[in-house]
Amino acid sequence: MAEQQRKVILECISTPNKGRGMTSPNDISPASLIHAEDPLAVIIMKSCRDTHCHYCFSEAPADVVFCPSCTIPIYCSNRCQEEAVGQISWNQNACLESNNSVVDIAKLSVTSTRCKTQIAEHRHECGGAHWAAVLPADIVLAGRIMAQYIEKQLLAGKRTTISGPNLDLVHHYNQDSPASKFESHIYATVLLLCLQSYYKSGVSWAEDSLSQLVLLICQIKVNSIAIVHMKSMDGGKVLTVNKGFSGSSGAVMCSVEQVRVAQAIYMSGSFFNHSCQPNVHAYFRSRTLVLRSSEYIKAGTPIELSYGPQAGEMDLPERQKSLRENYYFSCGCSNCSVLSLSDLVMNSFRCPQSNCLGAVSELIYYRCKENSVHVSIGESHVCTLSLPDISKFDEDMVKVGNLFFKSDAILNIDPGFCMSCRSQLDLSSAVAISDRATSKINRLKELPALDNVPEVVIAEALQSLEQTEKLRHPYSKALAQAQDTIAEAFAKVGDQEQARKHCKASIKILEKLYHPSHIIIAHELIKLVSIELSMGDGASASAAFARADAIFSLYYGPDVKRILPYVDALRRTVSERSVGSC
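If you number the sequence shown the way full-length UniProt numbering does, the last residue is 582 and the count never jumps.
In structure tokens, the structure reads:
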């Protein structure tokens, strides 16, 4: 059943720190559809060329359909082949309608419109030396955008000299390294020769065609979006409750992962800025980008998605490094400008004092008189943070970093010193022991799903977990991952009671790093559900599933069944088992 779409009015505004961005003059409820858009151009990733349809990016069936000209792309159906090769018109379910040509005050809304003609995205790549199979994905994507521009000019009867598409996207060419600029120029030259070979004398090229291609390649580098699809860990096409980590006694532990299947340019989607704690969730229906609010958004508040780095997933230095290297900016979102619990504890160690919850970091924290905190790695400055509002302090925050809030005096916390009581830890020794323990725990991932696993292997992993618990902060990601790995191992060998214990421990930590309604928590809850079903505890499984289902509905709305097909099968199983346990 189609979603009852309520129009969400969007404004594209200009901000002093982030440039152009999106907001709304109205309050937006959680789980609201913010935006849906088909790509300007898209290309499948090389790693998925033999396993996924090159048009809709679903997993390819056994009886694939080939391109009739070059047999390189594969498609899941004749329709997808026709859409890619040409001669089929298409319906773009959601486009952005602009009511004003001035970008910084444009009024945008989600509407349903029929686009006139689709340019065949693959036709110009057929024949010859099959250059599209050799060049990197972003270069082939640039070729598709250029070919689309040329075809539109020809369809309109414009035989003028071809220069290049004038995309309203940033390119950051001036910030590129000399090596990166040189590479862009080489690829632009090769791509131009390939396009000239296809169009031959039918198109006249302008003198600046090469430079326009260079800028187009740079635009793609910083504006393209990775299309990701959900996939079961065992590689099955549809994840059901009978797939995942299976123990010898029929035990099951469902688990999924994101697979990057394609790279695309979304013109209107590029208007949305980044936040490490986004208020919208991005996902994909085939090749369509969908943005849905994951929390209540007050009118005038920036509407922001994640470009990849998120708080809880990466720590502050990792996020800043990733964004500078890939998008040429330093993030100033709430999580990168205000001291947060997640960043304090994520990669930290436990205070050597047993009664202290303070975090011991490898970073340097310096608080000046203005109550701003400078964060550094060695001599390299990472960023400057402000202290959170005292009224918003939670108990954990104060216990973890009590020194930050104790007085207004200048404060310097060096690596290895507790942020709460200043006790010192031998950091180099702690790092070495922790890394060895993690390595031993990770060996469990190679365990077969059999009941004859040597007890010494499990015993060694539990000893390593005990070491990790003694060294790592109770809210650290390393400890959460260790608990999760051991939970999966116990599920494999059929000890579901232990699997549940460690799965719950992992979830408890992740709720500190993210928040209780984060999508990551929902996926971990599904693991817990599958364990409890294996134990025959239908009531507990039902309660955990209800919580996971509510989170999935928040992030995916009515698209849950399409994006996560295993959830519906699991819902039926939970319903049957919960009734049976009554």
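We put the CB at the ideal spot given by N, CA and C, even for glycine. A quick note: this is a predicted structure, and the numbers were derived from the prediction, not measured.
heavy atom of the ligand PLP below 7 Å from residue i C-beta
i   : result
E37 : Absence of the ligand PLP is noted for the structure shown, with no ligands found whatsoever.
Same chain, Cβ closer than 8 Å to residue i, five either side skipped, listed in chain order
i    : result
R287 : D38, P39, V42, Y55, C56, F57, I227, A262, A264
T468 : S434, A437, T438, I441, A478, L479, A482
I507 : I521, E524, L525, L528
Among the options, the one whose alpha carbon lies nearest that of residue i
i    : options                : result
E121 : Y366, M146, V398       : M146
A60  : N78, V214, K7, C70     : N78
R144 : G157, K158, C126, P16  : C126
A569 : S14, G378, R319, F545  : F545
S348 : H171, G416, A156, K181 : G416
L425 : G358, I410, P454, D537 : G358
Y173 : D50, L167, S184, N166  : S184
R577 : A543, V345, P558, Y555 : A543
P558 : G401, S361, Y283       : Y283
P352 : S177, K470, D394, G536 : K470
K492 : E446, Y556, A31        : E446
D414 : S391, G378, V398       : G378
F404 : E362, V338, M346, V134 : V338
F271 : I34, S428, D394, V360  : I34
Y555 : G536, S32, K7          : S32
S519 : E257, R49, I150        : Ser is not the amino acid found at residue 519; the sequence shown has Ile there. It is E257.
K152 : L141, A142, P165       : P165
Cβ-based neighbour list, residue i, same chain, cut-off 6 Å, excluding 5 preceding and 5 following
i    : result
N273 : K18, G21, E304
V259 : H229, K231
A522 : A548, I551, F552
R572 : none
Y366 : H374, N412
A311 : C276, Q277, N335, S342
Cut-off 7 Å between Cβ atoms - residues of its own chain near residue i, not counting five sequence neighbours on either side
i    : result
T75  : Before going further, note that residue 75 is Tyr rather than Thr in the sequence given. Correct list, in chain order: C53, H54, Y55, V64, V65, Q81, A84.
R547 : L525
A188 : L210, L213, V214, I217
A137 : I43, M45, K46, Q263
Rounded C-alpha distance that separates residue i from residue j
i           : j    : result
W205        : S163 : 6 Å
I9          : P25  : 7 Å
W131        : I139 : 10 Å
P565        : L154 : 43 Å
G308        : N326 : 10 Å
L213        : H473 : 50 Å
Q498        : E460 : 15 Å
S407        : H502 : 39 Å
Y266        : P388 : 36 Å
V457        : K440 : 9 Å
L191        : L169 : 20 Å
S330        : K321 : 8 Å
S342        : H515 : 10 Å
A539        : S517 : 21 Å
K561        : E207 : 51 Å
L316        : R292 : 25 Å
H381        : Q148 : 44 Å
E11         : C383 : 30 Å
V373        : A156 : 58 Å
Y199        : I28  : 48 Å
C67         : C333 : 45 Å
K298        : N279 : 11 Å
D396        : R350 : 14 Å
residue 628 : A409 : Residue 628 lies beyond the residue range present for the chain, which begins at 1 and ends at 582; the question has no answer from this structure.
R443        : M314 : 23 Å
A430        : F182 : 44 Å
T15         : V222 : 19 Å
H281        : L323 : 18 Å
A62         : Y296 : 44 Å
P454        : G494 : 13 Å
P30         : L510 : 22 Å
Q175        : C368 : 32 Å
K399        : N355 : 11 Å
L385        : D50  : 47 Å
Residues bridged to residue i [DSSP beta-bridge criterion]
i           : result
L305        : H274
residue 610 : Residue 610 lies beyond the stretch modelled for the chain, which goes from 1 to 582, so this question has no answer here.
R285        : T288
N412        : Y366
E37         : L289
H381        : S376
Q263        : I43, A226
H52         : E59
field: Segment contact flag, the segment 484-502 with the segment 281-295, C-beta cutoff 8 Å, min 3 pairs
entry: With the cut-off at 8 Å, the segment 484-502 and the segment 281-295 do not touch.
message: Closer than 8 Å is the cut-off here; do at least three beta carbon pairs connect the segment 463-472 with the segment 409-421?
response: No, the segment 463-472 does not touch the segment 409-421.
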